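Working notes for the structure below.
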Amino acid sequence: MKKITGAYAFIEALRCEGVKHVFGYPGGAVLDIFDAIMDAPDIQFILSRHEQGAVHAADGYARASGRVGVALVTSGPGATNTVTGIATACMDSIPIVVFSGQVSTNLIGNDAFQEADTVGITRPCTKHNYLVKDCEELPMVIKEAFYIASTGRPGPVLVDIPKDVMRGLISFKYPDKVCLEGYCPTYKGHLGQIKRILGTILKSRHPVIYAGGGVVLSNASAELSALARQLHIPVTTTLMGLGAFPADDPLWLGMLGMHGTYAANMAVTEADCLVAIGARFDDRVTGKIDEFAPRARIIHIDIDPTSISKNVQVDLPVVGDCKGVLTDMLEELRDKQHDVNELHHGVQPWLDLLEQWKRDHPLRYEQGTGLKPQYVIEKINELTPDDAIISTEVGQNQMWTAQFYRFKAPRLFLTSGGLGTMGYGFPAAIGAQVAFPERTVIDIAGDGSIQMNIQELATVVQYNLPVKVMIINNGFLGMVRQWQSLFYKGRYSHTSMAVSPDFVKLAEAYGARGLRVENTADVEDAIRQALAIKGPVFVDFRVEPEEDVYPMVPAGAPINNMLLV
Amino acid sequence: MSMKHAISILVDNQAGVLSRVVGLFSGRGFNIESLSVAPTLDPTKSKMVITTTGNEQVLEQIKKQLNKLINVIKVVDYLDKDYVEREMILIKVKAKEQTRTEVLRISEIFRAKVVDVSPASYTLALTGDQDKLKAFIELLNPVGIIDFVRTGTIVMEREMQAKRRTDS
Chain A
1 MKKITGAYAF
11 IEALRCEGVK
21 HVFGYPGGAV
31 LDIFDAIMDA
41 PDIQFILSRH
51 EQGAVHAADG
61 YARASGRVGV
71 ALVTSGPGAT
81 NTVTGIATAC
91 MDSIPIVVFS
101 GQVSTNLIGN
111 DAFQEADTVG
121 ITRPCTKHNY
131 LVKDCEELPM
141 VIKEAFYIAS
151 TGRPGPVLVD
161 IPKDVMRGLI
171 SFKYPDKVCL
181 EGYCPTYKGH
191 LGQIKRILGT
201 ILKSRHPVIY
211 AGGGVVLSNA
221 SAELSALARQ
231 LHIPVTTTLM
241 GLGAFPADDP
251 LWLGMLGMHG
261 TYAANMAVTE
271 ADCLVAIGAR
281 FDDRVTGKID
291 EFAPRARIIH
301 IDIDPTSISK
311 NVQVDLPVVG
321 DCKGVLTDML
331 EELRDKQHDV
341 NELHHGVQPW
351 LDLLEQWKRD
361 HPLRYEQGTG
371 LKPQYVIEKI
381 NELTPDDAII
391 STEVGQNQMW
401 TAQFYRFKAP
411 RLFLTSGGLG
421 TMGYGFPAAI
431 GAQVAFPERT
441 VIDIAGDGSI
451 QMNIQELATV
461 VQYNLPVKVM
471 IINNGFLGMV
481 RQWQSLFYKG
491 RYSHTSMAVS
501 PDFVKLAEAY
511 GARGLRVENT
521 ADVEDAIRQA
531 LAIKGPVFVD
541 FRVEPEEDVY
551 PMVPAGAPIN
561 NMLLV
Chain B
1001 MSMKHAISIL
1011 VDNQAGVLSR
1021 VVGLFSGRGF
1031 NIESLSVAPT
1041 LDPTKSKMVI
1051 TTTGNEQVLE
1061 QIKKQLNKLI
1071 NVIKVVDYLD
1081 KDYVEREMIL
1091 IKVKAKEQTR
1101 TEVLRISEIF
1111 RAKVVDVSPA
1121 SYTLALTGDQ
1131 DKLKAFIELL
1141 NPVGIIDFVR
1151 TGTIVMEREM
1161 QAKRRTDS
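For the record, the sequence lines run as chains A and B. 1 is the number of the first residue of the first sequence in the working numbering; add one for each residue after it. 1001 is the number of the first residue of the second sequence in the working numbering; add one for each residue after it.
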């Protein structure tokens, strides 16, 4: 068999994994792979302007498409720059594989130029990572990396490849399967336990489904909707779960937690049966943990056993893939029509009460003279097609989007939920646009966050990616300012963004288009105009500087203790 | 209730696996009291024994988190099992004229071995469970301990189990 270099074996392995797009940034230790990429026109390489941007783009690509996102960077600073992106993907369980160059094996440990202990640095923020010490191992390591990233509870995997491994010669053969003795995720839920949870649900009178990102990751939205509709159970989701259940369904309660809706937070507090599906009882969801769902029998379906009873003691756990478990539940319900009818009858007063809460306490904001950020999001929601992909940065822009944009399908909302990474949204939108060149992709940003990865303007211009960035510009790090206003006596310590670039001119300087909106009356036209432009656009919405996000549960308070507008 | 647990962890015998396990403990705020690690009969695998304390919920999390590591093959908590536990100590004690026989008498009672002698000291080696080692140290304390080194606990399940797990 003809021998090829490790660099060419790398390309072959990507082909075997069906990789069509790689995001990254070159450098000395990874030159050999970049050289080989020149001979692989079937793999499109997207050059970011910072390695963090490349990893977020791979992450956005994965979230939008469901395929594994791939990033390729050099050693040392190239690799350390990926850490925030990797940690972001790890917290939200996003399948990406990051390849980093490394100094030659004989130099490792010598403090060589651009050397960093990449595997050591990324160990706590990856699902798994590898240092490839022998060229012969490369195909198997890549196979395992993709397998581990995409199965079980997904997550980022990093593969560190020394320069001499890229240059070594091997007879390339891509393995058919992996052999990992210590890794076999449980997909199939325990049938006896599934029967027990159905029994509990069917006997409940105040049931609520609390769904999370796991439903999106396992592509179980259809099954979730079927179960909720069949049993007449209202649904709330976490930030990561938005889109897992359509926001126009009558059973939809809105998001729960710190900035959740009144109806969702009250429903969970009053529930007698809480069905958690692919969610992990994060502190931003539960508020004061002892008073979370105090009256409920708690059912928890999750593929990751460590999520179960980690924060909240669960009464009935099922370890398994959300899609599989929900499918089994639907199957079990087939011959239980009598019990289902009983349930319908029994939950009706509960549904009526929830309707009343929704009517009495909808998401709202006070109209004022200035431009309201919530209005901008409402208009974006109104004017974008149903399959538009929306990413956000982190902070008020993110919470208003979660509240006022009505996601009707999964994989349309890309946001850094767990790590809360400012600067995530723009590169993530780039990744989504690469995956779906024809779809509308919008990053809803803040004036603070957008500046954390604003260099990616060059990327969207270079590849003519028509990403629209809607900057909710209030001149503040708005969410931090809101906390200072509410809990730190209004002392605005370093949250003013009074000095920012002229975003319109900046976009134009990069060769993109820029628009500015200062009046409520101009919002609609500006959004239409931006959507009609066939290239990247920045829209600078000058909104009211001190608008707050409500409802809000103060940190550490129970979630039925909401500050309302 | 917080209890002491001995956990054995069968892992791939590869570079970096120890730091994955130890990093998990430190990163999640779990406590390691002792640790021992060495290759097993199958040289591609190593066995670690970690002793730790925590309540039931914490221990459950530790075991689940360990199992989640790709290189961890099997985790066994010995709390519900009958097992043999051993640890070794090398202890250097002062041996003055009036205490030399006392030291030898104590080490005989414990079946410790004298592994090094000097005009002013004895170095003794003892294996046993943690209670035995603790008692040995306490008895030698008045004589004057110069230094000691301990290996960390190792455990092995007894072939004949008197305790029976009820939930299996």
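Glycine is no exception: its CB is placed at the ideal position from the N, C-alpha and C atoms. Small disclaimer: the values here were computed from a predicted structure and weren't measured.
Item: Mind listing which residues of the stretch 1025-1058 of chain B have their C-beta closer than 8 Å to chain A's C-betas, in chain order?; Value: Gly1027, Gln1057
Item: Taking Thr261/A as the query, report the chain B residues whose CB atoms sit under 7 Å from its CB, ordered along the chain.; Value: Chain B residues near Thr261/A: none, gap ~31 Å exceeds 7 Å.
Item: Any Cβ of chain A within less than 9 Å of the Cβ of Ile1073/B?; Value: yes
Item: Nearest by alpha-carbon distance to Met1088/B: which of Phe1110/B, Glu1102/B, Ile1070/B is it?; Value: Phe1110/B
Item: What number of angstroms, rounded off, separates the C-alpha of Val549/A from the C-alpha of Tyr262/A?; Value: 13 Å
Item: Of all Cβ atoms in chain B, is any one closer than 9 Å to the Cβ of Gly418/A?; Value: no
Item: Which residue or residues does DSSP assign as beta-bridge partners of Glu1087/B?; Value: Gly1128/B
Item: With a threshold of 8 Å, are at least 3 pairs of Cβ atoms found where one atom belongs to the stretch 81-88 of chain A and the other to the stretch 407-414 of chain A?; Value: no
Item: Do you know offhand how far Pro95/A's Cα is from Phe1136/B's?; Value: 54 Å
Item: Does the distance between the C-beta of Asn1067/B and the nearest non-hydrogen atom of the ligand SAH fall short of 8 Å?; Value: The model depicted lacks the ligand SAH and carries no ligand whatsoever.
Item: Does DSSP put Ile1137/B in a helix, a strand or coil?; Value: helix
Item: DSSP three-state call for Ser100/A: helix, strand or coil?; Value: strand
Item: In three-state terms, what does DSSP make of Tyr183/A?; Value: coil
Item: Identify which residue in Tyr424/A, Val499/A, Arg15/A, Pro466/A has its Cα closest to the Cα of Ala566/A.; Value: In this structure chain A extends from 1 to 565, so residue 566/A is not present and cannot be described.
Item: If the criterion is Cβ atoms closer than 9 Å, does the pair Asp1082/B and Met1160/B meet it?; Value: yes
Item: So, is the C-beta of Asp1147/B closer than 9 Å to a C-beta in chain A?; Value: no
Item: Nearest to Gln1057/B by alpha carbon, out of Met166/A, Thr306/A, His50/A, Leu191/A?; Value: Thr306/A
Item: So Ile1007/B and Val1075/B are in contact, right, with Cβ under 8 Å, and what is the actual spacing, rounded?; Value: 6 Å
Item: Report yes if the CB atom of Ile444/A is closer than 9 Å to the CB atom of Gln484/A, and no otherwise.; Value: no
Item: Taking 9 Å as the threshold (beta carbon to beta carbon), is Val1076/B in contact with chain A?; Value: no
Item: Indicate whether at least one CB of chain A lies closer than 9 Å to the CB of Asn1013/B.; Value: no
Item: Going by DSSP, what residues sit across from Tyr129/A in a beta bridge?; Value: For the record, residue 129/A in the displayed sequence is Asn; it is not Tyr. For Asn129/A, which the question treats as bridged, DSSP gives the partners Leu158/A.
Item: Using only the alpha-carbon positions, how far apart do Glu366/A and Val285/A sit?; Value: 25 Å
Item: Give the C-beta separation of Tyr510/A and Leu477/A to the nearest angstrom, bearing in mind that I take them to be a contact with Cβ-Cβ under 8 Å.; Value: Actually they do not touch by this definition, with Cβ atoms about 24 Å apart.
Item: In terms of alpha-carbon separation, which member of Gly168/A, Leu414/A, Asn464/A lies closest to Ala7/A?; Value: Gly168/A
Item: Determine contact between the stretch 485-493 of chain A and the stretch 428-435 of chain A, defined as no fewer than three beta-carbon pairs at a distance below 8 Å.; Value: no
Item: At a Cβ threshold of 9 Å, is Leu1069/B touching chain A?; Value: yes
Item: Could you please give the first and the last residue of the uninterrupted beta strand (DSSP E) stretch that includes Arg1111/B?; Value: Run containing Arg1111/B: none; DSSP gives neither H nor E here.
Item: Is it true that the CB of Leu202/A sits closer than 9 Å to the CB of Lys336/A?; Value: yes
Item: Do you know whose CA, among Ser391/A, Gly213/A, Val235/A, Pro554/A, lies nearest Ala57/A's CA?; Value: Ser391/A
Item: Specify, as a first and last residue, the run of the alpha helix (DSSP H) that Pro349/A falls within.; Value: 337-360
Item: Kindly say whether Gln1098/B, judged by its beta-carbon, lies nearer than 9 Å to any beta-carbon of chain A.; Value: no
Item: In chain order, what residues of the stretch 74-85 of chain A put their CB closer than 9 Å to some CB of chain B?; Value: none
Item: Within a Cβ cutoff of 8 Å, which residues of the same chain sit near Leu224/A, ignoring the five residues on either side of it in sequence?; Value: Ile209, Ala211, Val215, Val235, Ala244, Phe245, Ile277, Cys322, Leu326
Item: Taking only runs of the beta strand (DSSP E) that begin and end inside the stretch 210-297 of chain A, which ones reach a length of at least 3 residues, in chain order?; Value: 235-237, 252-255, 273-277
Item: Measuring only between beta-carbons, confirm whether Ser1008/B sits less than 9 Å from chain A.; Value: no
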